[in-house]
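Report on one structure; see the data block that follows.
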Amino acid sequence: MISMSAKSIVQRKALKCIFCIGVLLSFACSSEQPNINDERFLTWRIGAAISYNFPAEVSEAYGVNYQEDWTSVMLSYTNLNLGNRRNLNKIRERSYADYQGYKLPLHSLINFTPSQLGSGKKTLPDEIYIYWWVPNSRTNYATVVTVTEEMKAAMTRQYPNPSPRLKGQNCYQTDFLFGLLPDGRAKLWLKGCRIYTYVGVFEPTKVMLDPKSHLAENRLIPWNKVEQIWYDKELYRMQSLTDVTRELNTETKQ
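Numbered according to numbering that gives the first Met the number 0, the sequence shown spans residues 0 to 253.
Structure (structure tokens):
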């Protein structure tokens with residue numbers, strides 16, 4: 000027969016195993032991204048916004064998820080610099096009449112946001128990469144952004160759909176939108192549900208001079224104008240990631 004002390008040891012070990020399994024399951028559940036199985040949670044995308052006078056060209060963008068071991072690439076950004084998106088009169092029609100070409104206009108018909116190749120991923124990436132070129136300085140930039148837990152929480156947060164025909168349905172901010180500045184910095188918003196959530200401004204991760212950089216125009220940049228943005232305040236609202244994080248923390252405590 001097993002002694003009482005031996006039985007106690009066995010019981011303690013069994014309880015310890017159960018506790019460990021519980022912790023692992025709890026961690027697995029907490030690491031899952033809520034709401035991504037909602038059919039209204041769309042596959043994430045990476046978009047770009049540029050000004051008329053100081054444009055940029057995007058060569059490639061993709062997201063990486065290390066836990067699931069995948070890389071998902073965006074479709075071509077060619078349309079960012081074609082057609083009405085580079086027509087000043089059309090930009091004025093979609094923004095405001097006296098747009099002078101300096102501000103970053105935030106508008107879905109001016110900016111360009113391609114989908115992922117293939118069927119796309121709903122699970123959010125851990126990092127996003129965007130490679131782009133500024134004609135004014137003939138400089139190539141690479142911007143890498145870590146998708147923080149705060150960003151993921153904001154993107155999986157439910158909002159009421161603003162569309163009258165989709166009233167009562169959920170909506171999510173599943174777009175990353177980069178505002179590309181002529182010195183290599185990139186502003187970043189989360190977009191969706193007629194809301195822009197400002198994340199911050201990011202320095203370039205890598206700077207690479209073009210072989211023909213000696214041909215660069217290097218026009219003087221009026222930063223007091225180029226740093227500004229425009230968006231339709233009647234249709235959209237602007238908030239910050241800090242605001243969203245604070246609101247989510249308050250909701251959790253209630």
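Idealized CB from N, CA, C, for every residue including glycine. Computed from a predicted structure; not experimentally measured.
query, result
"Nearest to TYR158 by alpha carbon, out of CYS192, GLU59, ALA141, PRO181?", "CYS192"
"Starting from ASN139 and walking both ways along the beta strand (DSSP E), at which residues does that stretch end?", "138 to 145"
"Using a Cβ-Cβ cut-off of 6 Å (strictly less than) and excluding sequence neighbours within five positions of PRO124, which residues of its own chain qualify?", "GLY62, VAL63, ASN64, VAL146"
"Would you check if the region 133 to 140 and the region 102 to 119 touch, i.e. whether three or more CB-CB distances between them fall below 8 Å?", "no"
"THR244 lies in the beta strand (DSSP E); which residues open and close that run?", "Unbroken run through THR244 is the alpha helix (DSSP H), 240 to 252; no beta strand (DSSP E)."
"Decide if CYS28 is buried, meaning its Cβ has at least 16 other Cβ atoms within 10 Å, or exposed.", "Model confidence at CYS28 stands at a pLDDT of 36, short of 50, so the residue's coordinates are unreliable; what they give is reported in the following sentence. Exposed is the call here."
"Closer than 8 Å by C-beta to LEU116: which residues in its own chain qualify, once you throw out the five before and the five after it? Chain order, please.", "SER71, VAL72, MET73, LEU74"
"Which residues in the same chain have their Cβ closer than 8 Å to the Cβ of THR241, if we skip the five residues on either side of it in sequence?", "none"
"Measure the C-alpha to C-alpha separation of VAL57 and TRP132 and round it to an integer number of angstroms.", "6 Å"
"Rounded to whole angstroms, what's the CA-CA distance from ASN88 to GLY178? Just pull it up for me.", "21 Å"
"I need the DSSP call for SER212, collapsed to helix, strand or coil.", "helix"
"Per the DSSP calculation, CYS170 is bridged to which residue(s)?", "TYR158"
"So LEU87 is in the alpha helix (DSSP H); what residue range does that whole segment cover?", "87 to 93"
"Since MET237 contacts LEU189 with CB under 8 Å, what's their CB separation in whole angstroms?", "Not really, about 11 Å apart at Cβ, beyond 8 Å."
"I believe TYR76 touches PRO113 by the beta-carbon criterion, under 8 Å. Please report the beta-carbon distance rounded to the nearest angstrom.", "6 Å"
"Starting from LYS186, follow the beta strand (DSSP E) in both directions and report where the run begins and ends.", "185 to 191"
"Give every residue of the same chain whose Cβ lies closer than 6 Å to the Cβ of ASN34, excluding the five residues on either side of it in the sequence, and list them in chain order.", "PHE40, THR155"
"Kindly provide the ranges of any alpha helix (DSSP H) runs that are 4 or more residues long and lie completely inside the region 95 to 123, ordered along the chain.", "none"
"Tell me, to the nearest whole angstrom, how far the beta carbon of ALA55 is from that of ILE45; I am working on the premise that it is less than 8 Å.", "That pair is no contact at about 14 Å."
"Taking 7 Å as the limit between beta carbons, can you name the residues of its chain near ILE90, skipping five residues before and five after?", "TYR51, TYR98, PRO104, ILE109"
"Taking the alpha-carbon of PHE175 as reference, which of ILE127, ARG184, GLN168 has the nearest alpha-carbon?", "ILE127"
"Pick out whichever of PHE53, GLU67, ALA96 has its Cα sitting closest to the Cα of ARG85.", "PHE53"
"Near VAL225, what residues of its chain come up, given a Cβ to Cβ distance below 7 Å and the 5 sequence neighbours on each side ignored?", "SER50, PHE53, TYR101, LEU180, PRO181"
"Helix, strand or coil for ARG236? Go by DSSP, reduced to three states.", "strand"
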